[in-house]
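Residue numbers (the working numbering): 9 to 260. Note that beta-carbon positions come from the ideal geometry of N, C-alpha and C, so glycine has one too. None of these values were measured; they are calculated from a predicted model.
Right, here's the structure in full:
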């Protein structure tokens, strides 16, 4: 995802401008299924959709976009729900937690937002992911591992949501839990995940359960430098610095 924070518009548009902006047809998956979406919502929050629907392209002429490599489940349950969540946030200023599927939904919403240049989706999906990770059960088992692999294979390596996945897996380590931490389970993870895990175990103080990693580290994805500096000033948590060449994150 490019840093599109400065190019997408902040705040919710008025409902009148949304309805007057017309409808765009989004064709999802193979076989294709068509969805009618208000154009104003797509172009306001996504550089990808704004350029595709306003430039000298076939999509702009037909006011239709084909995403044949996006499955229907991702579009309906993840992307559209993320948009509703985003609208709800601007109306109320608060987020709602979802059911046990929240974590997988957040991963898919984040990947979608990253691909189609919707930074707001990424910020909110990351916030929900982090909040749910603290409140719910550990992010593991076979289905969760599949989401971890998908995220590491799809997202840029400096995304903080990836570091949170690693830290959570480390802090719940149990030697007797071969199903989640045995050799077969570990063999399913990409090298980048395992490398971060090795570093995580060196940092993790397993003797003091009250100070596990999630309680000391900030996993917010900063939408601006001002927000980052503000959090550094008002919280006692450590904040991530990305070490580019080593492809590792450092909390300081």
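So, helix, strand or coil for residue i, using DSSP?
i           : result
residue 44  : strand
residue 259 : strand
residue 17  : Interpretation of residue 17 is limited by its pLDDT of 49, a score under 50 that renders its predicted location unreliable; no figure is taken from the coordinates.
residue 243 : coil
residue 35  : strand
residue 167 : coil
residue 61  : coil
Got a sec? Which residues, its chain only, sit under 8 Å from residue i by beta carbon, not counting five neighbours each side?
i           : result
residue 257 : 166, 168, 171, 204, 248, 249, 250 and 251
residue 198 : 157, 160 and 161
residue 7   : An answer regarding residue 7 cannot be provided, because it is not within the stretch 9 to 260 covered by the chain.
residue 119 : 158, 159, 162 and 163
residue 183 : 189
residue 152 : 111 and 112
residue 202 : 194
Could you give the distance in angstroms between the alpha-carbon of residue i and the alpha-carbon of residue j?
i           : j           : result
residue 177 : residue 55  : 34 Å
residue 50  : residue 58  : 7 Å
residue 211 : residue 180 : 14 Å
residue 185 : residue 196 : 16 Å
residue 61  : residue 71  : 6 Å
residue 237 : residue 41  : 45 Å
residue 224 : residue 245 : 5 Å
residue 190 : residue 234 : 43 Å
residue 260 : residue 131 : 21 Å
residue 121 : residue 209 : 31 Å
residue 99  : residue 154 : The pLDDT assigned to residue 99 is 49, lower than 50, so where the model puts this residue is not dependable, and the model offers no usable value.
residue 174 : residue 193 : 14 Å
residue 242 : residue 141 : 22 Å
residue 200 : residue 38  : 32 Å
residue 206 : residue 115 : 23 Å
residue 47  : residue 126 : 14 Å
residue 128 : residue 136 : 12 Å
residue 64  : residue 45  : 21 Å
residue 254 : residue 30  : 47 Å
residue 232 : residue 117 : 21 Å
How far does the beta strand (DSSP E) with residue i in it reach, from first residue to last?
i           : result
residue 249 : 248-251
residue 125 : Unbroken run through residue 125: none, as it is neither H nor E.
Please list the terminal residues of the continuous alpha helix (DSSP H) segment that includes residue i.
i           : result
residue 202 : 199-211
residue 290 : Residue 290 lies beyond the range of the chain shown here (9 to 260); nothing can be said about it.
residue 189 : 186-189
Identify, in the order they occur along the chain, each residue of the same chain with its Cβ nearer than 6 Å to the Cβ of residue i, setting aside the five sequence neighbours on each side.
i           : result
residue 68  : 61 and 62
residue 227 : 138, 168 and 172
residue 124 : 54 and 56
Kindly list the residues whose CB is nearer than 7 Å to the CB of residue i, restricted to its own chain and excluding five residues on each side of it in sequence; keep chain order.
i           : result
residue 229 : 130, 131, 134 and 168
residue 240 : 247
Say yes only if the C-beta of residue i is nearer than 7 Å to one or more non-hydrogen atoms of the ligand PLP, and no if none qualify.
i           : result
residue 197 : The ligand content of the structure shown is nil, which means the ligand PLP is not present either.
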